[in-house]
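K.L.:
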Amino acid sequence: MPSVGCPSIKVLVHRRTLQTCLLSAFTVLGAVDAQAEGCPTAKDQIATDRPDVTNSSLVVPGGSLQSENGVNVSARDGGRTIDGTNTRWRLGVAPCLELLLDLPTYFANIRKPGSSGFSDVAPAIKWQVSPIPGKVDLSVVFGMALPTGAVDIAGRGAQPYLQLPWSWELNESWGMSGMLTEFFRPSDVTTKRMTEATFAIEKKVTEKASLFVEYVGDYPENAGPSQLLNSGGLYHLSPTQQVDFHVAFGLNHNSPSYIVGIGHSFRFDGLFAGKPR
0 MPSVGCPSIK VLVHRRTLQT CLLSAFTVLG AVDAQAEGCP TAKDQIATDR PDVTNSSLVV
60 PGGSLQSENG VNVSARDGGR TIDGTNTRWR LGVAPCLELL LDLPTYFANI RKPGSSGFSD
120 VAPAIKWQVS PIPGKVDLSV VFGMALPTGA VDIAGRGAQP YLQLPWSWEL NESWGMSGML
180 TEFFRPSDVT TKRMTEATFA IEKKVTEKAS LFVEYVGDYP ENAGPSQLLN SGGLYHLSPT
240 QQVDFHVAFG LNHNSPSYIV GIGHSFRFDG LFAGKPR
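So in numbering that gives the first Met the number 0, spot 264 of the sequence shown is number 263, and the numbers just go up one at a time.
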């Protein structure tokens, strides 16, 4: 917490100065509490980073563990690949703060060309800094893919990244979201940095179901971009369980021809307060 700049003890004997110092302290504490009140709690419905590429701008509630999983089938240059389970674990360690971990995903090439092997394990930390003016939710994510996977799948060396997911709820039925990510690849010979930009429009069709359409663009350094049109939907089996699907099509020759995937996510609450639900 930042310093409130209280004067020395000798000056505090003056009543007016003391009142000013206490008022400043309560102002800072109130700002922190206001931010915490704007972040999810166990009473809120599950919000996941899938099935779209754009991650949620909201963190997992404090004391909750969320597991997000999926399987994809993709085609590129005539080859076919299945990858799974695309598992991401998200743990709310404090109000507005979570730790997340991407577990290694196995890519199985079922038709050449293509490669098989595991992706990297990637830990990260996510801080929700919203709500900010304009009712826009925003988070900051810093993570790093550790060199544990196959080079043909994950690339060489450690790969840090910085990510800014945001969302704007237009009304009860429509919403917009997007994400800007900078990937850094210090050990790569040709492409040491890549920028990814996404933009999605979501429509809530019932209390439990919603659909989305999304643009995904990857812009690597010293190489041509890869662009996708992604769409899909999700359905909440309960406030803490979700099933989803998505279908993506490449928009240029650097992109996969298509990607089709399904997934299931769930959340356990109250881990730090007793028996989890």
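Note that CB positions come from ideal geometry on N, CA and C, so glycine has one too.
If you follow the alpha helix (DSSP H) that residue 152 is in, where does it begin and where does it stop?
P.N.:
Position 153 of the sequence shown, counting from 1, holds the residue named residue 152. Per DSSP, residue 152 belongs to the alpha helix (DSSP H) from 150-153.
K.L.:
Measure the Cβ-Cβ separation of residue 173 and residue 136 and say whether it is below 9 Å.
P.N.:
Position 174 of the sequence shown holds residue 173. Position 137 of the sequence shown holds residue 136. No.
K.L.:
Within the continuous beta strand (DSSP E) that includes residue 161, where are the two ends?
P.N.:
Residue 161 sits at position 162 when you count from the first residue of the sequence shown. From DSSP, the beta strand (DSSP E) with residue 161 extends over 158-168.
K.L.:
One question on the structure: do residue 117 and residue 148 come within less than 9 Å of each other, judged by their Cβ atoms?
P.N.:
Numbered from 1 along the sequence shown, position 118 holds the residue referred to as residue 117. Numbered from 1 along the sequence shown, position 149 holds the residue referred to as residue 148. Yes, they are a contact pair.
K.L.:
For residue 53, tell me which candidate among 234, 237 and 229 has the shortest Cα-Cα distance.
P.N.:
Position 54 of the sequence shown, counting from 1, holds the residue named residue 53. The option with the nearest alpha carbon to residue 53 is 229.
K.L.:
Give a yes or no on whether the C-beta atoms belonging to residue 162 and residue 37 are separated by under 9 Å.
P.N.:
Reading the sequence shown from its first residue, position 163 is the one you call residue 162. Reading the sequence shown from its first residue, position 38 is the one you call residue 37. Cβ distance not < 9 Å, so residue 162 and residue 37 don't count as in contact.
K.L.:
Can you give me the C-alpha to C-alpha distance between residue 104 and residue 121, rounded to a whole angstrom?
P.N.:
The residue you call residue 104 lines up with position 105 of the sequence shown. The residue you call residue 121 lines up with position 122 of the sequence shown. Rounded to whole angstroms, residue 104 to residue 121 spans 11 Å at the Cα level.
K.L.:
Give the range of the beta strand (DSSP E) segment to which residue 108 is assigned.
P.N.:
Numbered from its first residue, the sequence shown carries residue 108 at position 109. Counting along the chain, the beta strand (DSSP E) containing residue 108 begins and ends at 105-110.
K.L.:
If you measure between the beta carbons of residue 87 and residue 58, is that distance less than 9 Å?
P.N.:
Sequence index remark: in the sequence shown, residue 87 carries index 88 (1-based). Sequence index remark: in the sequence shown, residue 58 carries index 59 (1-based). No, the pair does not count as a contact, with Cβ atoms beyond the cut-off.
K.L.:
With the cut-off set at 9 Å, would you say residue 213 and residue 196 are in Cβ contact?
P.N.:
As a working note, residue 213 is residue 214 in the sequence shown. As a working note, residue 196 is residue 197 in the sequence shown. No, they are not a contact pair.
K.L.:
Tell me where the beta strand (DSSP E) around residue 122 begins and ends.
P.N.:
The residue given as residue 122 occupies position 123 in the sequence shown. Looking at the DSSP string, the run of the beta strand (DSSP E) that includes residue 122 is 121-127.
K.L.:
Is the beta carbon of residue 237 less than 9 Å from the beta carbon of residue 248?
P.N.:
Taking the first residue of the sequence shown as 1, we reach residue 237 at position 238. Taking the first residue of the sequence shown as 1, we reach residue 248 at position 249. It is not a contact, given that the beta carbons lie outside the stated cut-off.
K.L.:
Looking only at C-alpha atoms, which of 56, 193, 67 and 112 sits nearest to residue 240?
P.N.:
Walking along the sequence shown from the start, residue 240 turns up at place 241. Of the listed residues, the one whose Cα sits closest to residue 240 is 67.
K.L.:
Ignore the nearest five residues each way along the sequence and tell me which others in residue 187's own chain have a CB closer than 8 Å to its CB.
P.N.:
As a first step, residue 187 must be located in the sequence shown, where it is residue number 188. Only 154, 155 and 156 meet the Cβ criterion.
K.L.:
If we count the other Cβ atoms within 10 Å of its Cβ and call it buried at 16 or more, is residue 49 buried or exposed?
P.N.:
Here the question's residue 49 lines up with position 50 in the sequence shown. So residue 49 counts as buried.
K.L.:
Straight-line CA distance for residue 75 to residue 100?
P.N.:
As a position in the sequence shown, residue 75 is number 76, starting the count at 1. As a position in the sequence shown, residue 100 is number 101, starting the count at 1. Taking the straight line from one Cα to the other gives about 27 Å.
K.L.:
Return the chain-ordered list of same chain residues with a C-beta closer than 6 Å to the C-beta of residue 26, the five sequence neighbours on each side being excluded.
P.N.:
Indexing the sequence shown from 1 puts residue 26 at position 27. For residue 26, the predicted structure reports a pLDDT of 41, less than 50, and the residue's modelled location is therefore unreliable. The matter cannot be settled from this model.
K.L.:
Indicate the three-state DSSP secondary structure (helix, strand or coil) for residue 134 in the structure shown.
P.N.:
Along the sequence shown, one-based indexing puts residue 134 at 135. Of the three classes helix, strand and coil, the one that applies to residue 134 here is coil, per DSSP.
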